[in-house]
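**Student:**
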Amino acid sequence: MAQPIPLEVPPGDPREELRAKLERAPVEHAEAILEGYEVLQELHDHGVLDLLRGMLGASDRLADTATSALDNPAVIRAIRNFILLTKFFANLNSDVLDSLARTAVGGAEEEKGRRAPGSLQLLRRLNSENSRHALAVMLDLVKAVGKGL
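Letter by letter, the sequence shown follows residues 772 to 920 of my numbering.
1) To the nearest angstrom, how far is the alpha carbon of ARG896 from that of THR874?
2) Could you spell out the range, first to last residue, of the alpha helix (DSSP H) harbouring PRO888?
3) From what residue to what residue does the alpha helix (DSSP H) around SER870 run?
4) In whole angstroms, give me the CA-to-CA distance for ALA907 and LEU855.
5) Roughly how far, in whole angstroms, is the beta-carbon of LEU814 from the beta-carbon of LEU820, given that I think they are within contact range, below 8 angstroms?
6) With H, G and I counted as helix, E and B as strand and the rest as coil, what does DSSP make of LEU833?
7) Quick one: give me the first and last residue of the alpha helix (DSSP H) that ASP911 is part of.
8) Could you check how far apart the C-beta atoms of ALA840 and VAL846 are, in whole angstroms? I think they sit under 8 angstroms.
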């Protein structure tokens, strides 16, 4: 026949153990507690605690205001456009964007002191292989925009 397993419950109150641990905590964690007080004081000095208290007190109205502000077709479109632009810039090679920025700044400085180039000079510039590559990309972009319209 099966024998019962003796169950020994350790003597003592679990609340008493917690109380003893709580009494030791200030001594064991004194440095962390002091730093916590300093952070709390900084938050108070800069008005962050007042702001948080106000936000907690007005949480329902704050949520209603935020939801009604976001429930607008223009805002939804803006958020979608922002996400699409983020994806666009994430897919761009940073070297290409860096080259574009440096060329734009350098070209603007260079052209500032000159007379405007003539039409034939511009056509000669367009005849280079690099210009034709860039034009091809720009025309694809124009085509895609036109398709989207």
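C-beta atoms are modelled at their ideal positions from N, C-alpha and C, and glycine is treated no differently. Every value quoted in this text rests on a predicted model; they were computed, and no experiment measured them.
**Tutor:** Here's the rundown:
1) Rounded to whole angstroms, the gap between the alpha carbons of ARG896 and THR874 is 15 angstroms.
2) Bounds of any alpha helix (DSSP H) do not take in PRO888, whose DSSP letter is neither H nor E.
3) For SER870, the uninterrupted alpha helix (DSSP H) run begins and ends at 865 to 883, by DSSP.
4) Between ALA907 and LEU855, the C-alpha separation is close to 23 angstroms.
5) Contact between LEU814 and LEU820 is confirmed by a C-beta separation of about 5 angstroms, below the 8 angstroms threshold.
6) Looking at LEU833 - three-state DSSP - the assignment turns out to be helix.
7) If you look at ASP911, you'll find it in the alpha helix (DSSP H) that goes 900 to 919.
8) In this structure, ALA840 and VAL846 form a Cβ contact; the two beta carbons are roughly 7 angstroms apart against a cut-off of 8 angstroms.
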